[in-house]
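Working notes for the structure below.
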Amino acid sequence: MSLESVPPKYAQLVQALQRRIESGDYPPGSLLPSENQLINEFGVSRPTVVAALRVLREQGWIDSQQGKGRFVRGRPAMTSMEQPRPGQAYLIGPESSSDGEVVEAAALAVPNRIAALLDIDPKSKAFLRRRLVSRNGEPTEIVSVWLPLELSEGTDLTSADPLDEGLREHLQSRKGVRFDHIVEQIVARMPTTEEAKRLGMLKNVPLLCVYAAVRDAAGHALVVAEVLLPADRHELEDAYPIG
């Protein structure tokens, strides 16, 4: 989940507690304030506190001991190594930071998987912005961004020019929507004839397909990014702490 844009209350509490841990207010080995203390100090509900503590525990900032409470572990060593996941990277980075061209920008009928991720009826229309990304003069991936028609209105997504800001920032400033979390799926399949032609793929080479479905804090679907990566040119790596 993303905790970077103006987040819900639990994520704001996560950030506040992380800052205190990093500043030394809560040094490693110290006992974290109790749930009741956090509720009273920050003026939030118990579910908000419980959700924030769960995130901190999962990310490795704190540890829980039965009957004793929650203890500070400090800033996780893995945090500085974390990179945006594949789908997230294409949603937060400006298009102008990479070479490529917009090959489609139109309202089209959505494939079944995209319809399911956008929570809309199959074969209904959504806006598609598809870009062929290149490195060193060679095509490397196809990035397709699907969003409801009403969300594309009044944006620069219909332009063939690359965006000078990330999609998240663009939609936030133009439409007032805020990304809260991303559900990412990775599957493998063989490319279509058109995909293989655009990517200059060899015969019998599969695609790695990354689907990143963006939702707001209420769980409503906002955007789906589909990233197509030739399997012989890419590998996906992730790093995370063991709780």
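Here the sequence shown is numbered in the UniProt record's numbering, starting from 1 and rising by one per residue.
We put the beta carbon where it would ideally sit given N, CA and C, even for glycine.
* Please confirm whether residue 244 and Tyr26 have their CB atoms less than 9 angstroms apart. => The requested residue 244 is not part of the displayed model; the chain covers only 1 to 243.
* Which residues does DSSP pair with Lys9 in a beta bridge? -> Bridge partners of Lys9: none, in fact.
* To do: Determine the direct distance from the alpha carbon of Val214 to that of Glu138, and round the result to whole angstroms.
  => Approximately 29 angstroms between the Cα atoms of the pair.
* Asked: Who are Ser64's beta bridge partners in DSSP?
  -> According to DSSP, residue pairing for Ser64 in a beta bridge involves Arg70.
* Asked: Would you report the Cα separation of Arg168 and Arg75, rounded to the nearest angstrom?
  -> Going from the Cα of Arg168 to the Cα of Arg75 covers about 27 angstroms.
* Identify the continuous alpha helix (DSSP H) that holds Gly193 and give its terminal residues. => Note that residue 193 is Thr in the sequence shown here, rather than Gly. Run containing Thr193: Thr193 to Leu199, per the alpha helix (DSSP H) assignment.
* Asked: Could you give the distance in angstroms between the alpha-carbon of Ser220 and the alpha-carbon of Arg129?
  -> Checking the displayed sequence, the identity of residue 220 turns out to be His instead of Ser. Distance between the alpha carbons of His220 and Arg129 is about 20 angstroms.
* Quick one: grab the DSSP three-state call for Tyr90. => Of the three classes helix, strand and coil, the one that applies to Tyr90 here is helix, per DSSP.
* Could you give the distance in angstroms between the alpha-carbon of Tyr90 and the alpha-carbon of Gly60? -> The alpha-carbon atoms of Tyr90 and Gly60 are separated by roughly 26 angstroms.
* Asked: Any idea what DSSP makes of Val110, helix, strand or coil?
  -> The answer is coil: DSSP assigns Val110 none of H, G, I, E or B.
* Assuming Ile186 contacts Leu236 under a Cβ cut-off of 8 angstroms, what Cβ separation, rounded to an integer in Å, is found between them? -> About 7 angstroms separates the Cβ atoms of Ile186 and Leu236, confirming a contact at the 8 angstroms cut-off.
* **Cβ-Cβ separation, Ala107 to Leu149 (assumed contact under 8 angstroms), whole Å** => Their Cβ separation, rounded to whole angstroms, is 6 angstroms, which keeps Leu149 and Ala107 in contact under 8 angstroms.
* With a Cβ-Cβ cutoff of 9 angstroms, do Arg57 and Arg46 count as a contact? -> The Cβ atoms of Arg57 and Arg46 do not sit closer than 9 angstroms to each other.
* Give the single residue among Pro162, Ile142, Val224 and His170 whose Cα lies nearest to the Cα of Leu207. => Ranking Pro162, Ile142, Val224 and His170 by Cα distance to Leu207 puts Ile142 first.
* **Beta-carbon proximity of Trp146 to Val223, cut-off 9 angstroms** => Yes, these two residues count as a Cβ contact at 9 angstroms.
* Residue burial classification, Met190 (beta-carbon count within 10 angstroms, cutoff 16) -> By the 16-neighbour rule on beta-carbons within 10 angstroms, Met190 is exposed.
* For His181, does the three-state DSSP call read helix, strand or coil? -> Strand.
* Asked: Taking Ser30 as the reference, which of Val103, Thr155 and Arg73 has the closest Cα?
  -> In terms of Cα proximity to Ser30, the closest of Val103, Thr155 and Arg73 is Arg73.
* Determine which residues share a DSSP beta bridge with Ile142 and list them. => Answer by DSSP bridge pairing, in chain order: Leu132 and Leu228.
* To do: Might you give, ordered along the chain, the residues of its own chain that have their beta carbon closer than 7 angstroms to the beta carbon of Ser64, omitting 5 neighbours on each side?
  => Closer than 7 angstroms at the Cβ level, and outside the excluded window around Ser64, lie Arg57 and Arg70.
* Between Leu117, Asp164, Lys175 and Ala105, which lies nearest to Ile92 when the distance is taken from Cα to Cα? -> Of the listed residues, the one whose Cα sits closest to Ile92 is Asp164.
* If Leu118 and Ala126 are in contact, beta carbons under 8 angstroms, what's the gap, nearest whole angstrom? -> So it is a contact: roughly 6 angstroms between Cβ atoms.
* Asked: How should Gln15 be labelled, buried or exposed, when 16 other C-beta atoms within 10 angstroms of its C-beta is the threshold for buried?
  -> So Gln15 ends up on the exposed side.
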